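Data block below; observations after.
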Amino acid sequence: GALGQALTHELAQQGATIIALTASTKVDIPDASEVIQWRIGEEGLLRDRLQSVDILILNHGVNVYGDRTPTAIHQSLEVNALSHWRLAELFFESVAATNPDTKELWVNTSEAEVSPALSPLYEISKRLTGQLITLRTLDAPCVVRKLILGPFKSTLNPYGVMTPQFVARAIAQLVRLNFRLIIVTVNPLTYLLFPLQEWARILYFRLFSQASTPNISPDSTRR
Numbered sequence: 226g227a228l229g230q231a232l233t234h235e236l237a238q239q240g241a242t243i244i245a246l247t248a249s250t251k252v253d254i255p256d257a258s259e260v261i262q263w264r265i266g267e268e269g270l271l272r273d274r275l276q277s278v279d280i281l282i283l284n285h286g287v288n289v290y291g292d293r294t295p296t297a298i299h300q301s302l303e304v305n306a307l308s309h310w311r312l313a314e315l316f317f318e319s320v321a322a323t324n325p326d327t328k329e330l331w332v333n334t335s336e337a338e339v340s341p342a343l344s345p346l347y348e349i350s351k352r353l354t355g356q357l358i359t360l361r362t363l364d365a366p367c368v369v370r371k372l373i374l375g376p377f378k379s380t381l382n383p384y385g386v387m388t389p390q391f392v393a394r395a396i397a398q399l400v401r402l403n404f405r406l407i408i409v410t411v412n413p414l415t416y417l418l419f420p421l422q423e424w425a426r427i428l429y430f431r432l433f434s435q436a437s438t439p440n441i442s443p444d445s446t447r448r
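Listed below in structure tokens is the structure:
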């Protein structure tokens, strides 16, 4: 997509070696040293390749706009949420076999986590992604950064007010400042509301969830 192209260009200029993952068969990524074709649902095939990746950026998505058919629901959940979760888990697995100090996961969850996107399924799927990533961040074996981005021009949103190049530069700058919550938007309320929501969500998850399944004795299940 537009942001993926802009971000690979920005990172390549800073000396990064780019490995691009794409589901498209017709895409030109001049800044990538390697382009890997993959399909939603086949994330497991990338397990070995992720071992040598230092920073995994999850940026793929789909917007079905006003469609609410079962097909649209399935597509939105698979592309915008579940594939992100599966790839994140595969990447976390790779950390144990390599150096966790060099590993980072960046996930583009979208400003739709806290504000309307005029696309119900886009909002639902992106909010699911955001909550899953926040939950896993509590026990993640490496640095996790969430990218909360406002409307920028792309195939998904041709009416975006920001350019993908501007967004990519802003992301790179905030990463250099070691922000874990990276917000780039023209909406000032997001800078206030999103951190408050994220902190409240983290507190809630810490209070009412745990990393491992509690031990349940056989006797405790008998009534």
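Residues 226 to 448 (our numbering) are what the sequence shown spells out, left to right. Glycine included, every Cβ here is placed at the ideal spot set by N, Cα and C. Note that this is a predicted model, so its numbers are computed, not measured.
* **Beta-carbon proximity list for residue 404, same chain, < 8 Å, skipping 5 on both sides** => The residue you call residue 404 lines up with position 179 of the sequence shown. Result list for residue 404: 370, in chain order.
* To do: Assign residue 441 to one of three DSSP states: helix, strand, or coil.
  => As a working note, residue 441 is residue 216 in the sequence shown. Note that residue 441 has pLDDT 38, beneath the 50 cutoff, so the model's placement of it is unreliable and the number below is only indicative. In this structure, residue 441 counts as coil in the three-state DSSP scheme.
* Exposed unless 16 or more other CB atoms sit within 10 angstroms - verdict on residue 442 -> As a working mapping, residue 442 is identified with position 217 in the sequence shown. For residue 442, the predicted structure reports a pLDDT of 41, less than 50, and the residue's modelled location is therefore unreliable. A value from the coordinates is still provided. It is exposed - the Cβ of residue 442 has fewer than 16 other Cβ atoms within 10 Å.
* Is the beta carbon of residue 368 less than 8 Å from the beta carbon of residue 329? -> In the sequence shown, residue 368 corresponds to position 143, counting from 1. In the sequence shown, residue 329 corresponds to position 104, counting from 1. Result yes, Cβ atoms of residue 368 and residue 329 sit closer than 8 Å.
* residue 363, DSSP secondary structure in three states -> By 1-based counting over the sequence shown, the position of residue 363 is 138. Here residue 363 carries a coil assignment [DSSP, helix/strand/coil].
* Asked: Got a sec? Which residues, its chain only, sit under 6 Å from residue 449 by beta carbon, not counting five neighbours each side?
  -> Because the chain spans 226 through 448 in this model, residue 449 falls outside it and cannot be assessed.
* Asked: Hey, quick one: how far does the alpha helix (DSSP H) through residue 310 stretch, first residue to last?
  -> As a position in the sequence shown, residue 310 is number 85, starting the count at 1. First-last of the alpha helix (DSSP H) with residue 310: 308-321.
* Local conformation of residue 351 per DSSP, three classes -> Along the sequence shown, read from residue 1 onward, the residue named residue 351 stands at position 126. Three-state result, residue 351: helix.
* Residues near residue 355 by beta carbon distance below 6 Å, same chain, minus five either side -> Stepping through the sequence shown from its first residue, residue 355 is reached at position 130. The beta carbon of residue 355 sits closer than 6 Å to those of 334 and 338, all from its chain and outside the five residues before and after it, given in chain order.
* Please name the residue in 359, 295 and 289 whose C-alpha comes closest to that of residue 429. => Counting from one through the sequence shown, the residue named residue 429 turns up at place 204. Closest by alpha carbon: 359.
* Asked: residue 254 to residue 433, Cα distance in whole Å?
  -> As a first step, residue 254 is located in the sequence shown; it is residue number 29 there, counting from the start. As a first step, residue 433 is located in the sequence shown; it is residue number 208 there, counting from the start. Taking the straight line from one Cα to the other gives about 44 Å.
* Asked: How would you write the range of the alpha helix (DSSP H) that residue 182 sits in, first residue to last?
  -> Outside the displayed range of the chain (226 to 448) lies residue 182, so it cannot be described from this structure.
* Is residue 447 helix, strand or coil when you go by DSSP? -> If you number the sequence shown from 1, residue 447 lands on position 222. Caution applies to residue 447, whose pLDDT of 42 falls short of 50 and renders its modelled position unreliable; the model cannot decide the point.
* Asked: Do you know offhand how far residue 242's Cα is from residue 322's?
  -> The count along the sequence shown starts at 1 and reaches residue 242 at position 17. The count along the sequence shown starts at 1 and reaches residue 322 at position 97. Between the alpha carbons of residue 242 and residue 322 lies a distance of about 21 Å.
* Compare the beta carbon distance of residue 353 and residue 306 with 8 Å and say whether it is the shorter of the two. => As a working mapping, residue 353 is identified with position 128 in the sequence shown. As a working mapping, residue 306 is identified with position 81 in the sequence shown. When the beta-carbon positions are compared, residue 353 and residue 306 come within less than 8 Å of each other.
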